[in-house]
Amino acid sequence: MRSPTIALLWEIWRRHWSTVAVIGGLTVVGRLVDVLESRRNAGAESSPLTTLLAMVAFLLLVAVFNYTESGGVRGVGQFPRRLFTLPVTSLHLVAVPMLAGITSIELLYLLWMEPLSRDGSARAPLVAILLAAFVVFYLCALWTLERAGSLRLVMLGVIAIAVFAIGILPSFPPNPPPWWRLEIVLAGLVAGLAVIAFLLAWRHVARLRDGGGRSAHRAGSLFNWIAEATPTRRTAFANPAAAHFWFEWRTSGLVLPALVGGVLLVVVIPMSWLMRSNAGDTFRLLLAALAAPVVLAVPVGIAFSKPTFWSEDLAVPAFVAALPLSSEDLVAIKVRVAAMSAVLSWLVVLVHLTVWLSSWGNLDALSLLALQLWAFHGQSVAAVYGIAVLVAFAGMFLTWRFLVSRLWSGLSGRRPLFVASVVAIVVLVIAGLVFDADRLPRWLLDDPARLAPVVWIAAIAVIAKYWIAAYAWRVVTPRYLRVYLLIWLAGTASFLAFGIVVWGVVRIYLPVDVDRLRSLVILVALLAVPLARVGLAPASLTHNRHRS
-12 MRSPTIALLW EIWRRHWSTV AVIGGLTVVG RLVDVLESRR NAGAESSPLT
38 TLLAMVAFLL LVAVFNYTES GGVRGVGQFP RRLFTLPVTS LHLVAVPMLA
88 GITSIELLYL LWMEPLSRDG SARAPLVAIL LAAFVVFYLC ALWTLERAGS
138 LRLVMLGVIA IAVFAIGILP SFPPNPPPWW RLEIVLAGLV AGLAVIAFLL
188 AWRHVARLRD GGGRSAHRAG SLFNWIAEAT PTRRTAFANP AAAHFWFEWR
238 TSGLVLPALV GGVLLVVVIP MSWLMRSNAG DTFRLLLAAL AAPVVLAVPV
288 GIAFSKPTFW SEDLAVPAFV AALPLSSEDL VAIKVRVAAM SAVLSWLVVL
338 VHLTVWLSSW GNLDALSLLA LQLWAFHGQS VAAVYGIAVL VAFAGMFLTW
388 RFLVSRLWSG LSGRRPLFVA SVVAIVVLVI AGLVFDADRL PRWLLDDPAR
438 LAPVVWIAAI AVIAKYWIAA YAWRVVTPRY LRVYLLIWLA GTASFLAFGI
488 VVWGVVRIYL PVDVDRLRSL VILVALLAVP LARVGLAPAS LTHNRHRS
């Protein structure tokens, strides 16, 4: 190579050229789709498909500049130590990947700027500065917080949410916004923070290169202290199962509660204070807070289903494979950890809602909804409180469901099977974004008789589910079967009760076959809680364990 800079850039290109090609393909397809949509609906906002393709392209670009090397099971890697031998300064090592990432993300935004700026939420200069700053914050967090363990990924999520929140601040009422929400003020603040982050990353890498990594960065030490400050055992464990439960909880169970708490702390709480005078915004933030554990459980559940949460390797670690525990024990421990994680996440949400709604929340819209439910259920206050409790319980079980539903594929060690289960989720998300949410209800309302085949399809799915469940659980220890059946019954009862409440309201307004609609609600409740897939998980883990 002619220079160290070209060598560093060539290494990034050599490792990620295929990803760059995918980004280019997504950009071409997205722009073509946007052109076709613009010709058909002149002046309309970008379609959900175009927005989704843009999001995927930007996420892949962030992955391209994940400038780290493997850091074992502690997280997403560390600054490449092998580069310390190059005849360049530490400033050079830090500046090249950061400037390359900034240049690349700005070029990609330039290609996507026309469809993404059509909604007018933020002007192009502010978005460009936010994207450049995000690259700096992202790499700074990756490099400086390598000792923080699992909290590093939590911090990356919080940084992404914070940058997004800053981008939409100027669009909030009143209009024009106050001085502190002006785009030029926010851009200057973010740019200044990005410069500080760059200097911190430079100092950290320089100290690492000089052999001072242990005390190189106080922020890294702080987050490492937080990670280690979680409750520790002072006494011996009662049995190997208790020890492994503690290990699983420390490595994976705390992630979802930490993410939920971070979203509430960084996004929901500040926005609830800024919009405390608007009842509609308060109600929307309430829905967002209730949805946070469920939505975050989907990506967390993908990592949770693997033998090692932070590793891309689907093989069972030798440390786990050699434990004096059966595969059934290991799966049961993961199920228990998922349950505890879901409960703790919802406790965080409920504590937040209690403090918020009793202090500065505008309850006008929520009070109106409570009055409508009160009148609908015979002026019963107990019914209103019962529905609130039911929503919390159904949310906990739905969160837990997303955490354990892919154990059978993640623990199998078969990458094609695991990737297929993840792709299925992506396809559902794409379908939900591309197709109108009310298209299926409209289709059913046009001809209520169409509900019959939907009910039959759901019934066939229920039969298939329980047939596979009977096959899967036939070799599982009866005590685990009895415990899981109790969990399944509780979750199914919660979904069924919630469905009946919703059905009782909907049946008044929709001209559909009431009996068929009630049957569909019952069948969906029977399908909601996983049974067959969890039963298949021990056999999948046994197969994977024997390969270790």
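Take the sequence shown: its letters are residues -12 to 535, numbered as in the working numbering. By construction, the Cβ of each residue, glycine as well, lies at the ideal position given by its N, Cα and C atoms. Every value quoted in this text rests on a predicted model; they were computed, and no experiment measured them.
Excluding the five sequence neighbours on either side, which residues of its own chain have a C-beta within less than 7 Å of the C-beta of A184, listed in chain order?
Counting only Cβ-Cβ distances below 7 Å, and skipping sequence neighbours, we find V123, F124, C127.
Could you check whether D351 and A266 sit closer than 8 Å to each other, using their CB atoms as the reference points?
Yes, the Cβ-Cβ distance between A266 and D351 is below 8 Å.
If we ignore side chains and look at the alpha-carbon of each, how far apart do R18 and R503 end up?
Distance between the alpha carbons of R18 and R503: 43 Å.
May I ask you to report which of helix, strand or coil DSSP gives Q366?
Reduced to three states, the DSSP call for Q366 is coil.
Let me check understanding here. Comparing Cα to Cα, which of L97, I320, R2, L95 lies closest to V51?
Just measuring C-alpha positions, the residue of L97, I320, R2, L95 sitting nearest V51 is R2.
Could you tell me the alpha carbon to alpha carbon distance between F71 and T131, rounded to whole angstroms?
Those two C-alpha atoms are separated by around 16 Å.
Less than 8 Å between the beta carbons of A381 and V371, yes or no?
In this structure, V371 does not lie closer than 8 Å to A381 by Cβ.
Am I right that L344 and F270 are in contact with their C-beta atoms under 8 Å? What's the rounded C-beta distance?
For a cut-off of 8 Å, the C-beta gap from L344 to F270 is around 11 Å, too long to register as a contact.
Inter-stretch contact (C-beta, 8 Å, three-pair minimum) for the stretch 327 to 341 and the stretch 307 to 315
Result no; under three Cβ-Cβ pairs closer than 8 Å.
Taking DSSP's pairing of strands, which residues face Q65 in a bridge?
E56.
Look at the alpha carbon of V541 and the alpha carbon of S34, and state the distance between them as a whole number of angstroms.
Because the chain spans -12 through 535 in this model, residue 541 falls outside it and cannot be assessed.
Does DSSP put M262 in a helix, a strand or coil?
In the structure shown, M262 sits in coil (DSSP, three-state: anything other than H, G, I, E or B).
Cα-Cα separation, I474 to L36:
Using only the alpha carbons, I get a separation of about 38 Å.
So, Q65 versus E133, is the Cβ gap smaller than 8 Å?
Going by C-beta atoms, Q65 is nearer than 8 Å to E133.
Quick one, which of Y54, L95, R26, A436 has its alpha-carbon nearest L13's?
When only C-alpha atoms are compared, the closest one is L95.
Sort R402, A512, G240, I289 by Cα distance to V488 and report the nearest one.
Selected option, being the one with the closest Cα: A512.
DSSP three-state call for L312: helix, strand or coil?
For L312, the secondary structure class from DSSP, reduced to helix, strand or coil, is coil.
Unbroken alpha helix (DSSP H) runs of length 4 or more, entirely within the stretch 381 to 405: which are they?
Inside the stretch 381 to 405, DSSP marks whole alpha helix (DSSP H) runs of 4 or more residues at positions 394 to 397, from first to last along the chain.
Sequence-distant residues of the same chain with beta carbon closer than 6 Å to L385, five excluded per side
Result list for L385: V281, in chain order.
How many Å lie between W99 and A188 at the Cα?
Approximately 29 Å, taken between the alpha carbons.
Determine the closest residue to V255 out of L156, V287, A290, with distance taken between C-alpha atoms.
Checked all of L156, V287, A290; the closest Cα to V255 is L156.
Start and end of the alpha helix (DSSP H) containing K452?
Element bounds for K452: 438 to 460.
Determine the direct distance from the alpha carbon of P465 to that of V145, and round the result to whole angstroms.
In a straight line, the C-alpha of V145 is about 43 Å away from that of P465.
Can you find the residues in the same chain that come closer than 6 Å, C-beta to C-beta, to L518, ignoring five residues on each side of it along the sequence?
By the criterion of a C-beta distance shorter than 6 Å, L518 is surrounded in its chain by A456, W475, once the five residues flanking it on both sides are discounted.
Report the three-state DSSP secondary structure of P517 (helix, strand or coil).
If DSSP states are grouped into helix, strand and coil, P517 belongs with coil.
Option nearest V15 by Cα separation, candidates V43, A(-6), T(-8):
Ranked by Cα distance from V15, the options V43, A(-6), T(-8) are led by V43.
Would G240 and S328 qualify as a contact pair, given that the criterion is a beta-carbon distance under 8 Å?
Cβ atoms of G240 and S328: closer than 8 Å.
Below 8 Å CB to CB, which residues in the same chain sit around F224 once its five sequence neighbours on both sides are set aside?
Excluding its 5 nearest sequence neighbours in each direction, F224 has C-beta neighbours in its own chain below 8 Å: A230, W233, listed in chain order.
Quick check: what's the CA-CA separation for P160 versus S481?
Cα to Cα, the separation comes out at about 39 Å.
Output the boundary residues of the alpha helix (DSSP H) element that contains T90.
Start and end: 77 to 103.
Any idea what DSSP makes of S5, helix, strand or coil?
Helix at S5.
Which of helix, strand or coil DSSP assigns to N531:
If DSSP states are grouped into helix, strand and coil, N531 belongs with the helices.
Count the other C-beta atoms from every protein chain shown that fall within 10 angstroms of the C-beta of A407, then say buried if there are 16 or more, exposed otherwise.
Classification for A407: exposed.
Run through DSSP, which three-state label would F296 get?
Residue state, collapsed to three classes: coil.
If we count the other Cβ atoms within 10 Å of its Cβ and call it buried at 16 or more, is V521 buried or exposed?
V521 should be labelled buried.
Going by C-alpha distance, which of F485, K452, G397, R505 is nearest V441?
Across the set F485, K452, G397, R505, the C-alpha of R505 shows the shortest separation from the C-alpha of V441.
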